[in-house]
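One line per chain: the protein sequences are A and B, in this order. Heads up: the first sequence begins at 1 in this note's numbering, then just goes up one per residue. Heads up: the second sequence begins at 115 in this note's numbering, then just goes up one per residue. Comments concern the structure below.
Protein chains: 2
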Amino acid sequence: MNMPPFFARTPEPPYYVVIFTSRRTAADAGYGETARRMLELAAAQPGFLGVESVRDGDGQGITVSYWASAEAIAAWKANIEHRVAQDEGRHTWYEHYEVRVARVERAYGQNSPG
Amino acid sequence: MNMPPFFARTPEPPYYVVIFTSRRTAADAGYGETARRMLELAAAQPGFLGVESVRDGDGQGITVSYWASAEAIAAWKANIEHRVAQDEGRHTWYEHYEVRVARVERAYGQNSPG
């Protein structure tokens, strides 16, 4: 798949966001391939609006994915292929992670001072 | 100041988050010093709960800051020293950025499958 541009094009709020902050282990074990597959799979889910993701040279990463509703997030979390990847992430790829689900109430960009 | 650890220690939801996604220009022009000062200043604001920040080698960054209330975020946005930095960011340091304000409804970490 082609990599999407960095900035997600989201609609007017309200919508939902999953904030996933993580620190990677040194273990590779198929991480890159699975990460790409999960991005592809997420983008195909109902209610997916976009994603922005950064990881630095120290293995610290933040991924924010945007969703139309809390229900869309719950369905994605329960997706069976995603659940297998979550287990692998918990045990192999991530030294630590935190997940936060939030409702976006306001949004503005560089050309709209908000 | 000492750099804080990567993961923020936030209370039980609900609380608020500002998601700042950005791409840097090549311009330095005091960026690092101002970024450090803003972190220090933010941490001293009423209602500040924590911050997590990552920037990759391509200049793409995500900073999530956590706040006790929408009012605390509004006060921080209006802080005069912060406003000067926001102007400089808009004109000099960022090629593009997006800001989203959201209400955190659920949160879980590696040791609590949520």
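Each residue gets a CB set at the ideal place from its N, CA and C atoms; glycine is no exception.
Query: To the nearest angstrom, report how far apart Y180 of chain B and A29 of chain A are at their CA atoms.; Result: 33 Å
Query: So if DSSP puts G223 of chain B in a beta bridge, which residue, or which two residues, is it bridged to?; Result: A:E98
Query: Just to confirm my understanding: we take E219 of chain B, look at its own chain, exclude 5 residues before and 5 after, and list those with CB closer than 7 Å. What are they?; Result: P127 and P128
Query: Can you tell me whether I19 of chain A sits near the ligand NAP, meaning its C-beta is under 8 Å from at least one heavy atom of the ligand?; Result: The ligand content of the structure shown is nil, which means the ligand NAP is not present either.
Query: Determine the DSSP secondary structure at T139 of chain B, reduced to helix, strand or coil.; Result: coil
Query: Can the beta-carbon of V17 of chain A be found less than 9 Å from the beta-carbon of R214 of chain B?; Result: yes
Query: Answer yes or no: does any C-beta atom of chain B fall closer than 9 Å to that of E12 of chain A?; Result: no
Query: Chain B partners of H96 of chain A, CB-CB under 7 Å?; Result: F121 and Q224
Query: When we look at the beta-carbon of A158 of chain B and count the other beta-carbons within 10 Å, is it buried (16 or more) or exposed?; Result: exposed
Query: Check whether the Cβ of I80 of chain A lies closer than 9 Å to any Cβ atom in chain B.; Result: no
Query: For the beta strand (DSSP E) containing E33 of chain A, name the first residue and the last one.; Result: That residue, E33 of chain A, is in no beta strand (DSSP E); its alpha helix (DSSP H) goes Y31 to A43.
Query: Buried or exposed for V84 of chain A, going by 16 or more other Cβ atoms inside 10 Å?; Result: exposed
Query: Do L117 of chain A and E81 of chain A have their C-beta atoms closer together than 9 Å?; Result: With chain A represented from 1 up to 114, any question about residue 117 of chain A goes unanswered, as that position is not in the structure.
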